[in-house]
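Residue numbers (the numbering used here), protein chains in the order written: chain A, 1 to 280; chain B, 281 to 597.
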C-alpha cells in the first residue's frame, strides 16, 4: 500500500471540540470541515449551509425556534440545586455549581416555559447542555415533573427537548430516582390522554434517554444527534471492537425503530405543531 | 483465598483454613479445644472486620461471589416455582429470571437479576447485566401479575444494563424507560429488595415499587464507583473515594429517604449464613405484602406516585 494513502478514517470529533456556541467571524463546520461565515450560520438556525450539519444551540435559541413570540411565561424559575451529599471529587459540587451558574447565568440545567407552538398551547421544557453537560439531578427531575403536572392540570401538551449526558453523579442515587419520578408523572399525563412529544438533540444519553426522552407519544430527533444509553466510549471499552459507522446517531435509531421522525431544525416547529394538532 | 475475595476477608479465610485443617486430624488431646478457640476467634474477628467496613469494602461484599442470588431466594423462600422465558419479541435473557411461585401461602410473580457463580454460569448470565429483552421479559411477567391479581417481588442485583452494540440496536434505553413508566402505573403490589448491587438504570428498571428495601451490605448507585472515579477523578483507582462521595450503602439510602428499611445481615455478610438471610428477607417481604394487600389497585398506584414524587433535594426561592 502506498505510504501516502490514509488507512484510518478521520477521528470522531471529541465532545470538547464540539463547542456549543461558535464564536468569531468564521466557523469551521464540524461536519464537512468547511469554513462558514458565522452570520450565515446564525441566519440558518445554526445549520451548516453546505452539509446540513446541526450545531448545538442554546436554550434561548431553542425556545425562540419552537414557541410563538410573545406567548412565553417561564415557570418554576426559583427551583435551585443544593448539595445533599456534600459531594467532593477533585472539586466540590458547590464550587462546580457556582462556576456553571456564573458561566451560564442559569441556576441549573433546565428551563420550563408555557407558550404556544403555532397557537397550540404547550408546556415546554428545554435541557441546557452547557450546564454540567445537561446532567439530571434533583432540579432537572423536579422541574420536568412539575412541567408534566402543569400540563396535566392545564390540559396542555408537553414538549421536552433533551440534550444531556445523563444522571448527575454529584447527587448520587437521588439523580437516579428522578428517572422514576418523571416517568411516573408521564404515566399520569398519558392516562389523561394529553400528548407528550420528546425531542432528542445532540447528545442525549444515559438516564435521560432511559427515561423521559424515550417515552414520548412521539420521539423526534434532529439529524445526526448522538442518542443512546451507554456512551460510545464505554461500549468500545466493553466489547473492544470498532463501532459501526453512524452507530447511535439519529438515523440509526430511526432505522432500528426507536424514533418516529428525524426532522431538520428548520422544519421542527411546523412538524411539532402539525403532530400536536393531530393528537390534541 | 480465591482471587476475587476482598482483601479484608483474608485473615478470616486464614482462620477458616486452619480450622478445616485441624478438623481433618483424628480426634485427640486438645484438638477440639483448639478448634473451639479458633472458632470463637473467627467469630470475633469477623464481627470486628464487618463492623468497620467502609463503603468501598461494602461494595465488595455486595459483589461477593458466594452472595445469594435471586434463584437462591426463590429456592429457599418459595415452592411451585415456574420459570418463564422470553420477551415475545427477540430472545430470552438469562441475566433476568422471571416466573411465578408460591410464597408463604400466596402466588407471587418474581423478577430478578441473576449473576451466576461458576465462570461458565457467570458468562451464561452475562454477569447479571441484562439486555433489552431481559427488561421486556420482566415487564411481560409483571403485566401478567397485574392481569391475574398477583403481587410482584423484585430482587435487584446487577452491575448495570449491558453496554453493547446489540443492546443499543434493540433499544436498551427504551426498554428501561418503558419499565419505569409501566411499573409506576402497575395495579398490583410491587415489593423490591436490593440484595447485592443496585447498578444504576439497569437496577431501577425493575426497582420501582411500593416498598423498596436493601440488605445491610447491598449498594445502590447512579454509576459504579469505578465509573464515577474514571469520569470525575480521571483515575479508576479512586473507586474508594467515589464510593464514599456518592454514599451508596443501605444506611445512606435510608438516611436520604430513598428506601424504606435496611434488612440486617448475619455477621460476616449474607454469604456467611444464607439461611438466616433468607429468613429475614422473607419476613420483610411478607410484612410488606400483608400491608399492601389492604390497598385497592388505585390506592396502590397513588401511594407509589407520592412515594417517588418526593424524592430529590433542592431549594426554592
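From the three backbone atoms N, C-alpha and C, an ideal C-beta is built for every residue, glycine too.
Start and end residues, alpha helix (DSSP H) containing residue i
i                     : result
residue 518 (chain B) : Counting along the chain, residue 518 (chain B) falls outside any alpha helix (DSSP H), and DSSP gives it neither H nor E.
residue 174 (chain A) : 172-191
residue 301 (chain B) : 290-304
residue 459 (chain B) : 452-464
residue 419 (chain B) : 412-427
residue 268 (chain A) : 265-279
residue 99 (chain A)  : 93-104
residue 486 (chain B) : Looking at the DSSP string, residue 486 (chain B) is not in any alpha helix (DSSP H), and its letter there is neither H nor E.
residue 448 (chain B) : 445-449
Host beta strand (DSSP E) of residue i (start-end)
i                     : result
residue 499 (chain B) : 499-501
residue 388 (chain B) : 386-393
residue 513 (chain B) : From DSSP, residue 513 (chain B) is part of no beta strand (DSSP E); its letter is neither H nor E.
residue 380 (chain B) : 376-383
residue 114 (chain A) : 110-117
residue 138 (chain A) : Residue 138 (chain A) -> not in any beta strand (DSSP E); alpha helix (DSSP H) instead, spanning 138-154.
residue 585 (chain B) : Careful: residue 585 (chain B) lies outside any beta strand (DSSP E), inside the alpha helix (DSSP H) at 577-589.
residue 260 (chain A) : First-last for residue 260 (chain A): undefined, no H or E at that position.
residue 291 (chain A) : There is no way to answer for residue 291 (chain A), as the model of chain A reaches only from 1 to 280.
residue 478 (chain B) : 470-479
Euclidean distance between Cα positions of residue i and residue j
i                     : j                     : result
residue 310 (chain B) : residue 572 (chain B) : 56 Å
residue 506 (chain B) : residue 518 (chain B) : 7 Å
residue 138 (chain A) : residue 87 (chain A)  : 14 Å
residue 524 (chain B) : residue 333 (chain B) : 12 Å
residue 403 (chain B) : residue 486 (chain B) : 22 Å
residue 388 (chain B) : residue 330 (chain B) : 34 Å
residue 140 (chain A) : residue 347 (chain B) : 36 Å
residue 458 (chain B) : residue 299 (chain B) : 52 Å
residue 580 (chain B) : residue 361 (chain B) : 26 Å
residue 281 (chain B) : residue 344 (chain B) : Residue placement at residue 281 (chain B) is flagged as unreliable, the pLDDT there being 42, under the threshold of 50; a coordinate-derived value is accordingly withheld.
residue 73 (chain A)  : residue 115 (chain A) : 7 Å
residue 79 (chain A)  : residue 107 (chain A) : 8 Å
residue 260 (chain A) : residue 357 (chain B) : 45 Å
residue 160 (chain A) : residue 222 (chain A) : 13 Å
residue 69 (chain A)  : residue 89 (chain A)  : 42 Å
residue 437 (chain B) : residue 277 (chain A) : 44 Å
residue 596 (chain B) : residue 181 (chain A) : 18 Å
residue 1 (chain A)   : residue 247 (chain A) : Low confidence applies to residue 1 (chain A): its pLDDT is 47, below 50, so where it sits in the model is not reliable enough to give any reading.
residue 271 (chain A) : residue 257 (chain A) : 19 Å
residue 490 (chain B) : residue 450 (chain B) : 29 Å
residue 239 (chain A) : residue 444 (chain B) : 7 Å
residue 100 (chain A) : residue 134 (chain A) : 11 Å
residue 28 (chain A)  : residue 35 (chain A)  : 4 Å
residue 185 (chain A) : residue 582 (chain B) : 11 Å
residue 194 (chain A) : residue 60 (chain A)  : 25 Å
residue 155 (chain A) : residue 268 (chain A) : 23 Å
residue 118 (chain A) : residue 593 (chain B) : 36 Å
Proximity of residue i and residue j at Cβ, strictly below 8 Å
i                     : j                     : result
residue 498 (chain B) : residue 468 (chain B) : no
residue 417 (chain B) : residue 461 (chain B) : no
residue 536 (chain B) : residue 169 (chain A) : no
residue 433 (chain B) : residue 380 (chain B) : no
residue 322 (chain B) : residue 295 (chain B) : yes
residue 494 (chain B) : residue 463 (chain B) : no
residue 123 (chain A) : residue 95 (chain A)  : no
residue 439 (chain B) : residue 408 (chain B) : yes
residue 164 (chain A) : residue 112 (chain A) : no
residue 213 (chain A) : residue 198 (chain A) : yes
residue 104 (chain A) : residue 128 (chain A) : yes
residue 218 (chain A) : residue 203 (chain A) : no
residue 201 (chain A) : residue 228 (chain A) : no
residue 81 (chain A)  : residue 97 (chain A)  : yes
residue 544 (chain B) : residue 477 (chain B) : no
residue 435 (chain B) : residue 385 (chain B) : no
residue 62 (chain A)  : residue 126 (chain A) : yes
residue 413 (chain B) : residue 378 (chain B) : no
Residue i CB to nearest heavy atom of the ligand MG below 7 Å
i                     : result
residue 125 (chain A) : The ligand MG is absent from the structure shown, which contains no ligand whatsoever.
Requested in this report: Please name the residues in the region 36-55 of chain A whose beta-carbon is closer than 8 Å to at least one beta-carbon of chain B, in chain order.
Outcome: Legend: CB atoms of the region 36-55 of chain A lying less than 8 Å from CB atoms of chain B are not found in any residue.
Query raised in the report: If you measure beta-carbon to beta-carbon, which residues of the region 351-385 of chain B are closer than 7 Å to chain A?
Result: Within the region 351-385 of chain B, no residue qualifies.
Query raised in the report: Taking a cut of 7 Å between CB atoms, which residues from the region 432-450 of chain B lie near chain A?
Result: Contacts with chain A (Cβ-Cβ distance below 7 Å) from the region 432-450 of chain B involve 441, 443, 444, 445, 448, 449, listed in chain order.
Requested in this report: Name, going along the chain, the residues of the region 251-276 of chain A whose beta-carbon falls closer than 7 Å to a beta-carbon of chain B.
Outcome: 256, 258: these are the residues of the region 251-276 of chain A whose beta carbon lies less than 7 Å from some beta carbon of chain B, given in chain order.
Requested in this report: May I ask you to list, following chain order, the residues of the region 499-528 of chain B that have a beta carbon less than 9 Å from some beta carbon of chain A?
Outcome: Listed by position, the residues of the region 499-528 of chain B near chain A (Cβ gap below 9 Å) are 500, 501, 502, 503, 507, 508, 509, 511, 512, 513, 514, 518, 521, 522, 525, 526, 527, 528.
Query raised in the report: Fully enclosed by the region 311-379 of chain B, which alpha helix (DSSP H) runs are 4 residues long or longer?
Result: Runs found: 311-331, 335-342, 350-357.
**Report entry** alpha helix (DSSP H) runs wholly inside the region 26-89 of chain A, at least 4 long, in chain order
**Finding:** 38-43, 59-66, all fully within the region 26-89 of chain A.
Requested in this report: With 8 Å as the C-beta to C-beta threshold (strictly closer), list the residues of the region 558-592 of chain B near chain A in chain order.
Outcome: Answer set for the region 558-592 of chain B: 584, 585, 588, 589, 591, 592.
Query raised in the report: Got a sec: which bits of the region 476-497 of chain B sit with their beta carbon under 7 Å from any beta carbon on chain A, in order along the chain?
Result: Listed by position along the chain: 480, 481, 484, 488.
Requested in this report: Name, going along the chain, the residues of the region 81-112 of chain A whose beta-carbon falls closer than 7 Å to a beta-carbon of chain B.
Outcome: Listed in sequence order: 81, 82, 84, 85, 87, 88, 89, 90.
Query raised in the report: Name the residues in the region 218-241 of chain A whose C-beta lies less than 7 Å from a C-beta of chain B; which are they?
Result: The residues in question are 228, 229, 230, 234, 235, 238, 239.
Report task. Compile a chain-ordered list of the residues in the region 181-196 of chain A whose CB is closer than 9 Å to at least one CB of chain B. Result -> Residues of the region 181-196 of chain A with a C-beta less than 9 Å from any C-beta of chain B: 181, 182, 183, 184, 185, 186, 187, 188, 190, 191, listed in chain order.
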